[in-house]
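Heads up: the sequence shown at position 156 corresponds to 168 in our numbering, and the numbers run straight through without jumps. These notes are about the structure you will find just below.
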Amino acid sequence: MAPQLISRRVVRMGEQEGEEKEGQEVTEVHQSLQSRAVEAMDNMWHKACEKGEEAEIYVEKAMKKAWDAWKTCHISDLPSWLQDNELLHTGHRPPLKSFQACFWSIFRLHTESVNIWTHLIGCIIFACLAVYVYFFNPHPLHWEDKLVFGSFFLGAIICLGMSSSYHTFACHSPHVGRLFSRLDYCGIALLITGSIVPFLYYGFYCEYLPKVCYILIVLALGVLTTVVSLSETFSLPHYRPVRASVFTGFGCSGIIPGIHWFFSQESLHLSSLWYSLLCLILMGVLYVTGAILYALRVPERFFPGKCDYWFHSHQLFHVLVIAAAVVHYNGISELALYRLTSSSDMCDAR
Ligand SMILES: [Zn+2]
Numbered sequence: 013m014a015p016q017l018i019s020r021r022v023v024r025m026g027e028q029e030g031e032e033k034e035g036q037e038v039t040e041v042h043q044s045l046q047s048r049a050v051e052a053m054d055n056m057w058h059k060a061c062e063k064g065e066e067a068e069i070y071v072e073k074a075m076k077k078a079w080d081a082w083k084t085c086h087i088s089d090l091p092s093w094l095q096d097n098e099l100l101h102t103g104h105r106p107p108l109k110s111f112q113a114c115f116w117s118i119f120r121l122h123t124e125s126v127n128i129w130t131h132l133i134g135c136i137i138f139a140c141l142a143v144y145v146y147f148f149n150p151h152p153l154h155w156e157d158k159l160v161f162g163s164f165f166l167g168a169i170i171c172l173g174m175s176s177s178y179h180t181f182a183c184h185s186p187h188v189g190r191l192f193s194r195l196d197y198c199g200i201a202l203l204i205t206g207s208i209v210p211f212l213y214y215g216f217y218c219e220y221l222p223k224v225c226y227i228l229i230v231l232a233l234g235v236l237t238t239v240v241s242l243s244e245t246f247s248l249p250h251y252r253p254v255r256a257s258v259f260t261g262f263g264c265s266g267i268i269p270g271i272h273w274f275f276s277q278e279s280l281h282l283s284s285l286w287y288s289l290l291c292l293i294l295m296g297v298l299y300v301t302g303a304i305l306y307a308l309r310v311p312e313r314f315f316p317g318k319c320d321y322w323f324h325s326h327q328l329f330h331v332l333v334i335a336a337a338v339v340h341y342n343g344i345s346e347l348a349l350y351r352l353t354s355s356s357d358m359c360d361a362r
């Protein structure tokens, strides 16, 4: 073999060796980077797990602390500002003095537990319903419909949310208790306003003048009831029958336009209109029954000390409020569906 050829081959072999070495080094660097990345991820995962465990322990400790911090007591051990219903003898929360302790008390059983949870669950149900109506509705809504349904959902969500908050924080202090009770009554006024407006809007769909007049009257009554609800005296325990009467009176103000509507609808034989009317009546019956039970404190009036945790008048009132609101939603949905799916010249044809 020629010496030149030999030397070229030697050079080539050297080059190949160099390339192999370089490749090997790159692979090694790659592998080490990979293992470092895996290690870093592993560390992060462990740290996240540790933090998660720490958070879990913290929550557990906070709950235990809140749990051990107080015991339910007899009504005679309560300060006068917490003695709302003397027919409930035991199971009362003492004054808790911190928002945190009040919040954690929702997970314990006492006279307010069912009051808190009934309206908290109701609030969540109506929030989900609102999401469904606005985002997953098979019938597209115009802005007016969104506004009208919005008044109902806003009234229901605020009312139930405020009510649940009031029952949670009422035992904080006299000042906080009074503040939340006034917000609770404002919520009721909003719910009644938001319930009547959709019925007036879809009921008098084609009659512009009565529709606008009745809606304006209801809004004025709503503002008036809200202002009354905010007064200090209105939330005092012995004003219970007055409160029940004010809200019942406001709710019953819907009867006049209801009668007007009943006699002005030539097409009332249509099943959807009848269904809406029945819903309206059933809703009224549920609200009035709830208000009567609340004002007369039935059944604890007949079984003092026996309904401390379960089935006392305020709990029944809460359940009836949710039932009435659900019935009401069905009624306005049916009426709205009838109006929105009828021919577009329905109003011109009259
Ligand atoms: Zn309540």
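Here a beta-carbon is modelled for each residue, glycine too, at the ideal position from N, C-alpha and C.
Classify tyrosine 350 as buried or exposed, calling it buried when 16 or more other Cβ atoms lie within 10 Å of its own Cβ.
Along the sequence shown, one-based indexing puts residue 350 at 338. Residue burial is scored here from C-beta neighbours: tyrosine 350 has at least 16 other C-beta atoms within 10 angstroms and is therefore classed as buried.
If I measure Cβ to Cβ from leucine 305 and keep anything under 7 Å in the same chain, skipping five residues before and after, which residues do I get?
Locating residue 305 in the sequence shown gives position 293, counting from the first residue. Ser325, Leu328 and Phe329.
Do the stretch 179–192 and the stretch 206–224 meet, that is, are 3 or more Cβ pairs less than 8 Å apart?
no
For serine 325, verify whether its CB is less than 7 Å away from any heavy atom of ligand 3.
With respect to small molecules bound, the structure shown includes ligand 1 and not ligand 3.
Cβ-heavy atom distance, asparagine 127 to ligand 1, below 7 Å
Indexing the sequence shown from 1 puts residue 127 at position 115. The answer is yes for asparagine 127.
Given histidine 270, which residues of its chain have a CB within under 7 Å of its CB, disregarding the five upstream and five downstream residues?
Locating residue 270 in the sequence shown gives position 258, counting from the first residue. The residue you asked about is not histidine; residue 270 is glycine in the sequence shown. Within the same chain, glycine 270 has close Cβ partners Leu292.
As a quick exercise: from Leu203, Phe275 and Cys140, pick the residue whose alpha carbon is nearest that of isoleucine 170.
For the purposes of this step, residue 170 is taken as the residue at position 158 of the sequence shown. Per the Cα distances, Leu203.
Taking the alpha carbon of valine 310 as the point to measure from, which residue in Thr260, Leu90 and Glu98 has its own alpha carbon closest?
The residue labelled residue 310 in the question sits at position 298 within the sequence shown. Of the candidates Thr260, Leu90 and Glu98, the one whose C-alpha sits nearest the C-alpha of valine 310 is Glu98.
In the DSSP assignment, find the unbroken alpha helix (DSSP H) run with isoleucine 133 in it and report its ends.
As a position in the sequence shown, residue 133 is number 121, starting the count at 1. Counted as a single uninterrupted DSSP element, the alpha helix (DSSP H) harbouring isoleucine 133 occupies residues 125–147.
Can you tell me the Cα-Cα spacing of phenylalanine 216 and phenylalanine 138, whole angstroms?
Reading the sequence shown from its first residue, position 204 is the one you call residue 216. Reading the sequence shown from its first residue, position 126 is the one you call residue 138. Taking the straight line joining both Cα atoms gives about 25 Å.
With a threshold of 8 Å, are at least 3 pairs of Cβ atoms found where one atom belongs to the stretch 334–353 and the other to the stretch 150–165?
yes
Runs of alpha helix (DSSP H) lying entirely within the stretch 194–275, each at least 4 residues, in chain order
For the stretch 194–275, the continuous alpha helix (DSSP H) assignments of 4+ residues that do not extend past its boundaries occur at 220–241 and 252–264, in sequence order.
In whole angstroms, what is the alpha-carbon distance linking leucine 233 and valine 145?
Here the question's residue 233 lines up with position 221 in the sequence shown. Here the question's residue 145 lines up with position 133 in the sequence shown. Those two C-alpha atoms are separated by around 28 Å.
Taking the CB atoms as reference points, tell me whether cysteine 114 and threonine 180 lie closer together than 8 Å.
What you label residue 114 is simply residue 102 of the sequence shown in a count that begins at 1. What you label residue 180 is simply residue 168 of the sequence shown in a count that begins at 1. Yes, Cβ-Cβ distance for cysteine 114 and threonine 180 is below 8 Å.
Looking only at DSSP bridge pairs, what is cysteine 85 linked to?
Against the sequence shown, residue 85 aligns to sequence position 73. His104, per the DSSP bridge assignment.
Along the chain, which unbroken stretches of the alpha helix (DSSP H) at least 4 residues long are found entirely within the stretch 314–350?
none
Buried or exposed, going by whether 16 or more other CB atoms sit within 10 Å of the CB of cysteine 359?
Locating residue 359 in the sequence shown gives position 347, counting from the first residue. Here cysteine 359 is exposed. Its C-beta has fewer than 16 other C-beta atoms within 10 Å.
Within the continuous alpha helix (DSSP H) that includes leucine 99, where are the two ends?
Looking up residue 99 in the sequence shown gives position 87. Counting along the chain, leucine 99 falls outside any alpha helix (DSSP H), and DSSP gives it neither H nor E.
Confirm the yes/no value for this check: CB of serine 175, any heavy atom of ligand 1, distance under 7 Å.
For the purposes of this step, residue 175 is taken as the residue at position 163 of the sequence shown. It does: the Cβ of serine 175 is within 7 Å (strictly closer) of some heavy atom of ligand 1.
Let me know the secondary structure DSSP gives arginine 362 once reduced to three states.
Position 350 of the sequence shown, counting from 1, holds the residue named residue 362. For arginine 362, the predicted model reports a pLDDT of 48, less than 50, meaning its position is unreliable and no value from the coordinates is stated.
Starting from valine 310, trace the alpha helix (DSSP H) in both directions and tell me its first and last residue.
Mapped onto the sequence shown, residue 310 falls at position 298. It is not in any alpha helix (DSSP H) - valine 310 carries neither H nor E in the DSSP assignment.
For proline 152, which three-state DSSP category applies?
Taking the sequence shown and counting its residues from 1, the one referred to as residue 152 is at position 140. Note: proline 152 maps to coil in three-state DSSP.
Go ahead and label alanine 256 buried or exposed: buried means 16 or more other beta carbons lie within 10 angstroms of its beta carbon, across all protein chains shown.
As a working note, residue 256 is residue 244 in the sequence shown. Sixteen is the threshold: when 16 or more other Cβ atoms of the shown chains lie within 10 Å of the Cβ of alanine 256, as they do, the residue is buried.
Expressed to the nearest angstrom, what Euclidean distance is found between the alpha-carbon atoms of serine 126 and isoleucine 229?
Here residue 126 refers to the residue found at position 114 of the sequence shown. Here residue 229 refers to the residue found at position 217 of the sequence shown. A small correction: the amino acid at residue 126 is valine; serine does not occupy that position in the sequence shown. C-alpha separation (whole angstroms): 35 Å.
I want to check one thing, is the minimum distance from the CB of histidine 330 to the heavy atoms of ligand 1 below 7 Å?
The residue labelled residue 330 in the question sits at position 318 within the sequence shown. Answer for histidine 330: yes, Cβ within range of ligand 1.
To the nearest angstrom, how far is the alpha carbon of threonine 238 from that of glycine 263?
Here the question's residue 238 lines up with position 226 in the sequence shown. Here the question's residue 263 lines up with position 251 in the sequence shown. Taking the straight line joining both Cα atoms gives about 13 Å.
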